[in-house]
Amino acid sequence: MTFPTQPLAILALCLAAVAAAILVAYLVTRPPLVRTTKLWLLLGLGILPIGAAFAGNVQGFEATKEREFCGSCHVMALHAKDSDDLTSNSLAARHARNAYFGHDNCYACHADYGMFGTLVTKAGGMRHVWLYLTEYHSTPIEEAKKTIHLRAPEKMNANCMQCHSTEDSVWLKVPDHRSSLDDTRAGRVSCASAGCHGLAHPFFQGGG
Amino acid sequence: MASKRMHRLLVVACACALAALALMTWQLFDPRAFPVVVAMSVGQVLGTASFVAFGLVVLADYRAMRRAARRGGYRASDEPPPPDATGE
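Residue numbers (this note's numbering), protein chains in the order written: chain A, 100 to 307; chain B, 46 to 133.
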């Protein structure tokens, strides 16, 4: 547990603190319900908490993209540990060392693309939380390694192609890329296979 | 009686709002899956419910005031009646 330093988090904390002070003052003094009390309560029950919720939710949504968040479920601990390992050569760890999105590498590689990609990803994330609470909460990590799997492995190349478009001339100069172009785009050949760029999570069954 | 009920509802609303604020704050200090999901679900529901309760109390108080004004009586809330309402 660390003190948040992000501006939105601090804003949310300040708004929540002022709202809480107003509410505690009301509960302690129990003043008559005159116009001034209503205005104070409008601040304490409405405006300030709504502001705190808005800032907190934005901050929360940002937090859900971070590796720390994904790794907070114990069955994902190995994935997060591998990404944190500076000596690891797994595809996931190599992406984690990217300065631009490394701390969000789970989200960067597993988020759906397109206009509603974020929403679809968040909905999928809720499914993960549900499965964790109902099925995997007490599952030993060794067992989880054997049972957790990608829901739609055929879609993973599309996620790679969010950044690696397969259109770039430098990319197309690689003979293996040219020869497997149609299969790669169609998801028949996985970019993250042992014969290509290696498994994303090699310690895991399927590596995906 | 109605005023007492409204005050009780406000006390419950304040307690709910404080719980919601606590949950929202928890996720900022501990951004793991469980606190974030709880803050965005239970926290939001509690916060919204407390604001709705406040709205209901204000609405009920406003209606009581209007009724009282029509009868020329006291306000439903504990606000001291204005001099004209008591005939002074």
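Heads up, the beta-carbon is just placed ideally off N, CA and C, and yes, glycines get one too.
Since the structure is predicted, the reported quantities are computational estimates derived from the model, not experimental observations.
- Contact of Val228 (chain A) with chain B by beta-carbon distance below 7 Å involves Ala78 and Val82.
- The segment 138–153 of chain A makes contact with the segment 56–73 of chain B; the number of CB pairs closer than 8 Å reaches 3 or more.
- Counting only residues of its own chain and dropping the five nearest sequence neighbours on each side, Val117 (chain A) has a CB closer than 6 Å to the CB of Leu147.
- Around the Cβ of Val90 (chain B), a 10 Å sphere holds fewer than 16 other Cβ atoms; the residue is exposed.
- Annotation: Ser279 (chain A) to Cys172 (chain A) spans about 36 Å, alpha carbon to alpha carbon.
- The Cβ of Tyr125 (chain A) sits closer than 9 Å to at least one Cβ of chain B.
- Collapsing the DSSP output to three states places Met110 (chain B) in a helix.
- Under a 10 Å Cβ-count criterion, Asp203 (chain A) is classified as buried, with 16 or more other Cβ atoms of the shown protein chains found around its own Cβ.
- The shortest C-alpha to C-alpha distance from Phe102 (chain A) to any of B:Leu73, B:Ala98 and B:Met110 is the one to B:Leu73.
- For Ala114 (chain B), no Cβ of chain A is located within less than 9 Å of the residue's own Cβ.
- For the segment 46–57 of chain B, the beta-carbon criterion of a distance under 8 Å to any beta-carbon of chain A is satisfied by Ser48, Met51, His52, Leu55 and Val56.
- Taking the Cα positions, Ala119 (chain A) is about 35 Å away from Leu230 (chain A).
- A direct Cα-to-Cα measurement between Asp211 (chain A) and Leu218 (chain A) gives close to 9 Å.
- Taking a 10 Å sphere around the C-beta of Ser292 (chain A), we find fewer than 16 other C-beta atoms and assign the residue as exposed.
- For Cys205 (chain A), no chain B residue has a Cβ inside 9 Å of its Cβ, as the nearest lies near 12 Å away.
- With a beta-carbon spacing of about 5 Å, Leu144 (chain A) and Ala62 (chain B) fall inside the 8 Å limit used to define contacts.
- Judged by DSSP in its simplified three-state form, Ser278 (chain A) adopts helix.
- Chain B places no beta carbon closer than 9 Å to that of Ser237 (chain A), leaving this residue out of the contacts.
- Per the coordinates, the alpha-carbon of Lys254 (chain A) lies some 24 Å from the alpha-carbon of Val269 (chain A).
- Every alpha helix (DSSP H) stretch that sits fully inside the segment 144–209 of chain A and reaches 4 residues is listed by chain position as 147–162, 166–169, 176–183, 190–195 and 204–209.
- Here Asn156 (chain A) really is in contact with Met85 (chain B); their C-beta atoms are around 6 Å apart, less than 8 Å.
- Sequence-distant partners of Pro80 (chain B) (beyond 5 residues in either direction) whose C-beta falls short of 6 Å from its own C-beta, in its chain, are Trp71 and Gln72.
- Boundaries of the alpha helix (DSSP H) around Glu242 (chain A): Ile240 to Thr246.
- Close CB contacts of Ala108 (chain A) within its chain, under the 8 Å cut and outside five residues either way in sequence, are with Ala154, Gly155 and Gln158 (chain order).
- At a beta-carbon threshold of 9 Å, the residues of chain B lying near Phe168 (chain A) are Pro76, Arg77, Ala78 and Val81, ordered along the chain.
- Neighbours of Ala195 (chain A) across chain B, judged by C-beta separation under 7 Å, do not exist; the nearest C-beta is about 18 Å away.
- Ranked by Cα distance from His248 (chain A), the options A:Val174, A:Ala222 and A:Gly294 are led by A:Val174.
- Of the residues assessed, Gly92 (chain B) falls on the buried side of the cut-off, its CB having 16 or more other CB atoms within 10 angstroms.
- Taking the C-beta atoms as reference points, Ser189 (chain A) is found nearer than 9 Å to Pro301 (chain A).
- Around the CB of Val102 (chain B), 16 or more other CB atoms lie within 10 Å, so the residue is classed as buried.
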